[in-house]
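This note's numbering applies: residue 968 is where the sequence shown begins, and numbers increase by one. Think of the CB as a built atom: it goes at the ideal place given N, C-alpha and C, for glycine as much as any other residue.
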Amino acid sequence: MAQSSTFKVEDLKQWFKNTVHRFPNLGLADDDPEEPYITQYSVRDSELLDIIRLSRLPTLQNDLIFIDGVMRYRVVGAIEAQGVYVPLVIAHLIAGAMKLSNRELIPLQKKELISVVFPFTVVSKMLGHSILPSGVSTIEFSRFGSLFRNSNREIIFSDTTITLGEYKDQNGQFTHRPLISENELIASSKIIYTAKNRVKELLRTLELHLLIETSKSVKNELIIIDGPIAPLFKYIGLIDPNLKGVVRDLHDTQNARIAYRILKNTVGVVKKVVKIPESLTINFNAISGDAYLYLWTRLIEDQDAEGREDNYLTTYILSALFRLRGELLTENYPVFSPTSGLIRVDVPLPVIMKESEWINWITNNDEEVSDQGKNNIRQIVQNIGRNDLTTLLNTIYSLRYPIPSSTPYRNLVELYPIKEVEDWLKSYLLSKYELVTLTMV
968 MAQSSTFKVE
978 DLKQWFKNTV
988 HRFPNLGLAD
998 DDPEEPYITQ
1008 YSVRDSELLD
1018 IIRLSRLPTL
1028 QNDLIFIDGV
1038 MRYRVVGAIE
1048 AQGVYVPLVI
1058 AHLIAGAMKL
1068 SNRELIPLQK
1078 KELISVVFPF
1088 TVVSKMLGHS
1098 ILPSGVSTIE
1108 FSRFGSLFRN
1118 SNREIIFSDT
1128 TITLGEYKDQ
1138 NGQFTHRPLI
1148 SENELIASSK
1158 IIYTAKNRVK
1168 ELLRTLELHL
1178 LIETSKSVKN
1188 ELIIIDGPIA
1198 PLFKYIGLID
1208 PNLKGVVRDL
1218 HDTQNARIAY
1228 RILKNTVGVV
1238 KKVVKIPESL
1248 TINFNAISGD
1258 AYLYLWTRLI
1268 EDQDAEGRED
1278 NYLTTYILSA
1288 LFRLRGELLT
1298 ENYPVFSPTS
1308 GLIRVDVPLP
1318 VIMKESEWIN
1328 WITNNDEEVS
1338 DQGKNNIRQI
1348 VQNIGRNDLT
1358 TLLNTIYSLR
1368 YPIPSSTPYR
1378 NLVELYPIKE
1388 VEDWLKSYLL
1398 SKYELVTLTM
1408 V
């Protein structure tokens, strides 16, 4: 059967006792607070549409809703397979939304998951029997969205033998790609790294579920999600199999209409910019007080980048790149890159297009933008959408202060309300010791 809310912590403890070797040192956790270095790449398939001067708005016109997620994972033990001890990871994930109204942040809702992450299929094959709990299947073959009928912490199992999402094979069929083979089970670092990326993907799926639920109830409020917009939709089929076409086939009018209703009030703020338009790399020193608005002219996807979602860019997202707090560059630690402090605001085309315009455009420009498609977007940006875009970007820019109390890097790129959502969710996050107690009888 599929994942079920009847699988409780007591069941997890008993399964762990019968199946997993516990680590005497309580395992490894994600305790390193350092910000990772970012490798950046230039992208040719991009076109500069406009340069918009930024200024702070005296007041925000409407309420704003912010969505973010937090996670903590831990290696809690290992399962032996023909003399090889394969590490097992347990993670706690929370996604939440808060509303900014009259300069006050108000919690709206949150969703939680406990995830057991392991290469179940390949290890079960080596052992000759399934090591999953009786009656439970992994999330890769279940309906993710059915888990949220109540607010309890649901327990799910995820199989890193294969990808979470499906990809087109040589025959054009969608299937899960293999990630871990029998020969790779001795590589503990790869097992743990793959599990960490899977937890990130599950968190993004949880955020997408919250985004879809929130978008159904908003009218004029803008939803600002932490991170890129496009990669979220890679996982929409996990929430509802009937929505798989929203990412797979936007040439279809009905899929395009569903996507429009989800995206029309949503933007993403990316604080770790990996892909940079090639034309923007010529003179970074000019980026001061201006937002450079780009169109990605074809679908850019790195199928080997499991969990590295910044490698995924789509044609239906306009990206505005600017420095959020450029005046702080000299106040922080020495700047090693001229791109320091750069953020990217992802604006889906439905934000500035009517539904009929969107459907006519996306059904012809889903994977690669034609010359006519470029002209259409340029006309919309210059004539109709520029005022909306300017107001939207100035709204983001107006959230520069107060500066969140965080790391030097985040002080340059993180919105204060997003940091507040993160802190609120972290107050509910299980500690590394509490994660271990989930497995102790």
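- For Ile-1159, the three-state secondary structure derived from DSSP is helix.
- When Ile-1344, Ser-1307, Leu-1247 are compared, the shortest CA-CA separation from Thr-1282 is found for Ile-1344.
- Of the residues assessed, Gly-1235 falls on the buried side of the cut-off, its CB having 16 or more other CB atoms within 10 angstroms.
- Pairwise C-beta distances place the region 1126–1133 in contact with the region 1201–1213, as three or more of them are shorter than 8 Å.
- For Glu-1133, the secondary structure class from DSSP, reduced to helix, strand or coil, is coil.
- Excluding residues up to 5 positions away in sequence, Arg-1023, Leu-1024, Leu-1027 lie with their Cβ nearer than 8 Å to the Cβ of Ser-1365 in the same chain.
- Annotation for Tyr-1261: the continuous beta strand (DSSP E) segment containing it runs 1257–1263.
- Per the coordinates, the alpha-carbon of Gly-1063 lies some 38 Å from the alpha-carbon of Lys-1092.
- Beyond the five residues adjoining it in sequence on each side, Glu-1324 comes within less than 6 Å, by CB distance, of no other residue in the same chain.
- Here Ser-1246 has Leu-1015 as same chain residues with Cβ atoms under 6 Å from its own Cβ, once five neighbours each way along the sequence are excluded.
- In the DSSP assignment, Ile-1046 falls within the unbroken beta strand (DSSP E) covering 1031–1048.
- Contact annotation: Glu-1334 and Leu-1262 have beta-carbon atoms that are not nearer than 8 Å.
- Taking 8 Å as the cut-off, the Cβ atoms of Ile-1191 and Leu-1031 count as close.
- Inter-residue distance for Leu-1402 and Lys-1211 is about 33 Å (C-alpha atoms, whole angstroms).
- Put simply, the backbone Cα of Val-1237 is about 13 Å away from that of Ser-1307.
- Residue pairing by DSSP puts Ile-1284 in a beta bridge opposite Pro-1315.
- Beyond the five residues adjoining it in sequence on each side, Ala-1287 comes within less than 6 Å, by CB distance, of Ala-1258, Leu-1260, Val-1312, Leu-1360 in the same chain, given in chain order.
- By the neighbour-count criterion, in which 16 or more other beta carbons inside 10 Å mark a residue as buried, His-1059 falls on the buried side.
- Cα atoms of Gln-1076 and Glu-1387: separation of roughly 14 Å, rounded to the nearest angstrom.
- In its chain, beyond the 5 residues on either side, no residue has a beta carbon closer than 6 Å to the beta carbon of Asp-978.
- When rounded, the separation of the alpha-carbon atoms in Tyr-1227 and Asn-1350 is 21 Å.
- Relative to the Cα of Glu-1168, the nearest Cα in the group Gln-1221, Ser-1082, Tyr-1376, Ile-1385 belongs to Ser-1082.
- Boundaries of the beta strand (DSSP E) harbouring Phe-1085: 1071–1085, taken from the DSSP string.
- Put simply, the region 1289–1299 does not touch the region 1215–1225. Fewer than three CB pairs are less than 8 Å apart.
- Distance from the CA of Leu-1230 to the CA of Pro-1315, rounded to the nearest whole angstrom, comes to 6 Å.
- Here the alpha carbon of Gly-1293 sits roughly 7 Å from the alpha carbon of Ser-1255.
- In the DSSP assignment, the residues bridged to Gly-1063 are Asp-1035, Lys-1077.
- Under the 10 Å beta carbon count, Pro-1244 is surrounded by 16 or more other beta carbons and is classified as buried.
- The Cβ neighbour count for Pro-1384, taken over all protein chains shown within 10 Å, is at least 16; the residue is labelled buried.
- Two segments are said to touch when three or more pairs of C-beta atoms, one from each, lie closer than 8 Å; by this definition the region 1032–1052 touches the region 1064–1075.
- Listed in chain order, the non-local C-beta contacts of Lys-1078 below 8 Å within the same chain comprise Ile-1061, Ala-1062, Gly-1063, Phe-1115, Ser-1118, Leu-1173, His-1176, Leu-1177, local neighbours out to five positions each way being set aside.
- One alpha carbon belongs to Val-1056, the other to Gln-1049, and they sit about 20 Å apart.
- For a cut-off of 8 Å, the C-beta gap from Thr-986 to Ile-1046 is around 6 Å, short enough to register as a contact.
- Val-1051 places its beta carbon 8 Å or farther from that of Arg-1165.
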